[in-house]
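Here the sequence shown is numbered in numbering that gives the first Met the number 0, starting from 0 and rising by one per residue. Idealized CB from N, CA, C, for every residue including glycine.
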Amino acid sequence: MNSPQVNSSQKLTPSHSRLNTDNEEIAANSNKIENPIASKSARKKTDIKKNSKRPNPSQQTSNPSQQTSRQQNLKHQNSGQKTSKNHSEQHNGTPTPHNSPINHLHPQPPSPTHSPITQHSKNIASHQDANIASHQDDNITSHQDANITSHQNTNITSYQNTKNLNAKHHIPLAEQLRPTTLTEIVGQDHLLRPDSLLQRTLKKNFLPSLILWGPPGSGKTTLARLLAEQLIASHTFHFEVLSAVFSSVNALRKIFEDAKIRKTNPSPPNQTLLFVDEIHRFNKAQQDSFLPYVETGVITLIGATTENPSFALIKALLSRTQVLVLKKLDAAALTKILDHAQKKLDLTLPLTEPAQLELIRLADGDGRYLLSLVQNILTHPPPQKPLDKQDLIALLHKRSMLYDKSGDEHYNLISALHKTLRGSDCDAALYYLARMLASGEDPHYIFRRILRLAYEDIGLADPEAPLHVLTGWQTYERLGSPEGEIALAQAVIYLANAPKSNSSYKALQSSLSYAKEHSTPPPPKHILNAPTSLMKNLGYGHQYQYDHDHPDAFSGQNYFPENLPRKQFYTPHPRGFERTMQKRLAYFNTLRQNRNP
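The structure is reproduced here in structure tokens:
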């Protein structure tokens, strides 16, 4: 007996009979989705049209029992459509079409009371409890091929049944867990203790203009927001926020003009609190524009910066504000943030103790980055066992080194390199060199700095030091990176281990100071050229002694201006080649004394 002929779009699923003809169409056109708000009359016309296209009975099974089974299932389908629709309306606020492709994602066996569609609506509702409801209409279809039950591979909720985040998994965790009171801020106790400036002024409903200076992730923005909230609660302050990166001069001007008008209001809020993030990004002219409004109290300024205000802000603005320094978060503060996050999310991170310590180390004092790492961990599939240190490092992307070629870290690292070379610490010098290279510093900039050091801090103790730098520099220019960086490292090693002397530098500074004090006396006439007869008659070049005509090629004549006391500027140190220089100086001084008794 021949097997029944069944169209590919009509094959029965293992768990239940073929659905009604609407679902037959969907099975054949699974990528098409009808408007869930289609009118009943429109659906009715569609049903009539589809019924007219039913397959030829000869193409269907001739078994009467199978036909009866299908008819029973069709009745179940029709009776469950209304129930499924009600479920969809309860959970989504919008009816889900009975022929939606989601009905094919997880087919369920029919039951006496619920059709497969009704049962599937319950399944979707359970997914909504797992943080999918907010994106159901947008995301279910897009995840159709990947099977929606695998959402734990891409959602934070795979680690717990948290209801705290709801549909917030797309919001950075640092923003979700931002402190809501000053007492929740960690690592800045020196600013927030009861007798601190901030606490005393807040009790008086007053705040001076402030500059918050600290590294990334130390809490500058959070502190500014919480200070603003306390002042706003008094109904006397109006709060404005600006970013120096995106704000224009017109935006500044409008805030200043509005603040002036607000100041004249007889009733509060008549004071303006202005928070400017990245205030160091404003140029000098823009910073100047703050001065009259800060000075007269039209605005109370809170500026946040990661750069040293002494260099990044104009002195006039600094004199009208108070600088509060936020510290880089230590391991204890970061641990508190991590514990707080786990408590709020109602979970325990799958980390061994060494891995947790490594996570703290990777955060490098940045609370925001720590929470970013936590969120990164939670977006990965849950591990079979707690992650160890190496697993964690492999899981997380390596953070770029903290470096800004125009910022503090640029100058901090080159200064550290210079001082470690001066201190003859070869290993520390190589460490700072490596940090700069790994962060993308221009090797030419480093060569220029160490060439300066070769003269300033080594000098004549090793006259070959500058030659090693110049040779390495020339080699780098021919090889480029990364091969040429070996020449830079070799120059650094040589300088670190060279004998040190700043006698040349000190001799220059001493002679400059003496020259400024005695800047007018002319040189003695006997060492001046006399190219004309007039100059000869005036005594230029008279009695000049040609040193090569004297024993030891040394005449011992005076070269300082007349009536100006002789002064010794260069005093060599008894190190390296300068020991030889000491002997030579003593030799010529003896000759000079003998020639000029």
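For residue i, the first and last residue of its enclosing alpha helix (DSSP H)
i	result
E352	352-362
I445	442-452
K219	219-231
N204	From DSSP, N204 is part of no alpha helix (DSSP H); its letter is neither H nor E.
Q389	388-394
I170	No alpha helix (DSSP H) contains I170, which DSSP labels as neither H nor E.
T182	Here T182 belongs to no alpha helix (DSSP H), and DSSP marks it neither H nor E.
S371	366-377
Q473	464-478
L429	425-437
L190	188-191
Selection from the options that minimises the alpha carbon distance to residue i
i	options	result
I278	P291, Y539, S247	S247
H189	K326, P178, S509, N204	K326
L600	P178, T305, F568	Because the chain is modelled from 0 through 596, residue 600 falls outside the range shown and cannot be assessed.
D287	T271, P573, A315, A303	A315
A173	K505, I313, N375	N375
N295	A311, K283, V275, K262	According to the sequence displayed, residue 295 carries Thr and not Asn. Out of A311, K283, V275, K262, K262 has the C-alpha closest to the C-alpha of T295.
A284	G422, K335, L251	L251
I210	L230, A303, T235, P193	A303
K499	E561, P571, T519	P571
I359	F553, A331, P171	A331
L459	A362, P380, Q581	Q581
T334	E516, I526, L527, L369	L369
L429	F289, I457, L377, N496	N496
S208	P291, G575, P523	P291
L632	F289, M435, D338	Any answer about residue 632 is impossible in this case: the structure gives the chain only from 0 up to 596.
I457	P573, G479, A354	P573
T220	T305, H517, S423, E256	T305
Y558	N595, E577, G471	N595
L372	L391, S195, S266, P465	L391
S423	T519, E256, A490	A490
I231	P268, P171, L361	P268
I184	L337, A585, P380	L337
P215	L241, A227, D276, E256	D276
L181	L196, D194, P381, L222	L222
H379	F245, E357, P353, P349	P349
L206	R319, R421, G439, R477	R319
P560	S518, F553, A585	S518
Residue span of the beta strand (DSSP E) that contains residue i, given as start and end
i	result
G302	298-304
E239	236-242
Other residues of its chain near residue i: CB distance less than 7 Å, five sequence neighbours each side excluded
i	result
F281	A243
K566	Y513
T474	G483, A486
F576	L459, A460, D461, P462
A427	T419
V322	I210, W212, P308
A415	Y431
Nonlocal neighbours in the same chain, by C-beta distance under 8 Å from residue i, ignoring five residues either side
i	result
S217	G186, Q187, L325, K326, K327, L328, G364, D365, G366
T351	P385, L386, D387, K388
T589	none
T347	Q341
S38	Only weak support exists for where S38 lies, its pLDDT of 43 falling under 50; the value from the coordinates is given anyway. Once the five neighbours on either side are set aside, S38 has no close Cβ partner at all.
N593	G555
L469	L450
N353	The sequence shown places Pro at residue 353, not Asn. D387, K388, listed in sequence order.
Sheet register partners of residue i (DSSP bridge)
i	result
L537	The partner list for L537 (beta bridge, DSSP) is empty, contrary to what the question assumes.
W212	T304, V324
Residues near residue i by beta carbon distance below 6 Å, same chain, minus five either side
i	result
Q556	Q544
L273	E239, I298, L300
Q229	L201
Q270	T235, F236
N204	S233
Y493	H467
Near the ligand MN: residue i beta-carbon under 7 Å from a heavy atom
i	result
Q556	No copy of the ligand MN occurs in the structure displayed, which carries no ligand at all.
*Only counting runs of 3 or more residues, tell me where the beta strand (DSSP E) segments fall wholly within the stretch 258-339, in order along the chain.*
270-276, 298-304, 321-324
*Let me know the alpha helix (DSSP H) ranges lying completely inside the stretch 565-594, each 4 residues or longer, listed in chain order.*
Correct list: 577-594.
*Scan the stretch 487-571 and note each continuous alpha helix (DSSP H) run of 4 residues or more that stays entirely inside, going in chain order.*
502-516, 532-536
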